[in-house]
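In this note's numbering, the protein residues as written are 2 to 177.
Shown next, in C-alpha cells, is the structure this report addresses.
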C-alpha cells in the first residue's frame with residue numbers, strides 16, 4: 002500500500018510539474034514599453050507616429066522577415082533623426098517584443114521588452130544586444146556587420162536580426 006501511495010504521489014508531482022513548468026517561462030516582461038520609451042527620451046515621450054506596411058514597404062518587409070508581417074503599421078516615437086520602435090516578432094511560436102532605438106540611420110540600442118518562448122531567452126542579455134549598436138543597413142537590406150548567434154537560440158536571434166533590419170529600413174524611409 003505504501004508503494005502505491007508513493008508511486009501515486011510521484012505521478013501527481015510529475016504531472017503537476019509538466020503542467021506548471023511551461024507557465025513559468027510563458028511570458029517574461031523585462032521592461033514595459035512605456036518605461037523603455039521614458040528611458041530613451043529622458044523626460045517627455047514624443048507623440049507616436051505610424052509607418053503603414055503597404056505597397057513597396059510591405060514587399061520589402063516580407064523579404065526582410067521571410068514572411069508576411071503580422072501587422073499593418075509600425076509605430077515609432079521621435080523623428081527622422083532619432084526614433085524608437087517597438088515591434089513584435091515570432092521567435093519559434095510566440096512573439097518577442099523588441100525595442101530598437103535608431104540614431105542617424107544606425108542602431109543606438111536594442112532591448113528585449115518581453116519574451117514569451119521557452120527557449121532562446123539569452124537574446125535579452127547585453128552581451129548579445131550590444132552587437133547591434135552602431136549597425137546600419139546596406140544594399141539589399143543587409144546589416145553592415147554580421148551578428149553572432151547563440152547556440153540553442155537560433156530562431157530568437159533570427160527574429161531579432163530581422164526586426165533590426167526592418168526597423169533600419171523603415172527609419173531610413175522616414176528620411177527620404
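The C-beta atom is built at its ideal place from N, Cα and C for all residues, glycine as well.
- Residue environment for residue 160: buried (at least 16 other C-beta atoms within 10 angstroms of its C-beta).
- When secondary structure is reduced to three states using DSSP, residue 173 falls in the helix class.
- Considering only 127, 74, 145 and 47, the residue with the shortest C-alpha distance to residue 80 is 47.
- A check of alpha carbon separations from residue 169 across 143, 123, 154 and 41 identifies 143 as the nearest.
- Between residue 72 and residue 99 the beta-carbon gap is near 13 angstroms, outside 8 angstroms, which marks them as no contact.
- From the listed residues 43, 176, 171 and 44, the smallest Cα separation to residue 65 is found for 171.
- The shortest C-alpha to C-alpha distance from residue 102 to any of 31, 87, 148 and 44 is the one to 87.
- Annotation for residue 80: no alpha helix (DSSP H) segment contains it, and DSSP assigns it neither H nor E.
- When secondary structure is reduced to three states using DSSP, residue 60 falls in the helix class.
- Annotation for residue 52: the continuous beta strand (DSSP E) segment containing it runs 49-53.
- At the C-beta level, residue 97 and residue 111 stay beyond 8 angstroms of one another.
- Boundaries around residue 38 are those of the alpha helix (DSSP H), 34-42, since no beta strand (DSSP E) includes it.
- Between residue 56 and residue 92, the C-beta gap is not smaller than 8 angstroms, which leaves the two residues out of contact.
- Taking a C-beta distance under 8 angstroms as the contact criterion, residue 129 and residue 151 qualify as a contact pair.
- Ranking 38, 104 and 31 by CA distance to the CA of residue 176 puts 104 first.
- DSSP places residue 69 outside both helix and strand once states are collapsed to three, so it counts as coil.
- Excluding residues up to 5 positions away in sequence, 92, 93 and 121 lie with their Cβ nearer than 7 angstroms to the Cβ of residue 156 in the same chain.
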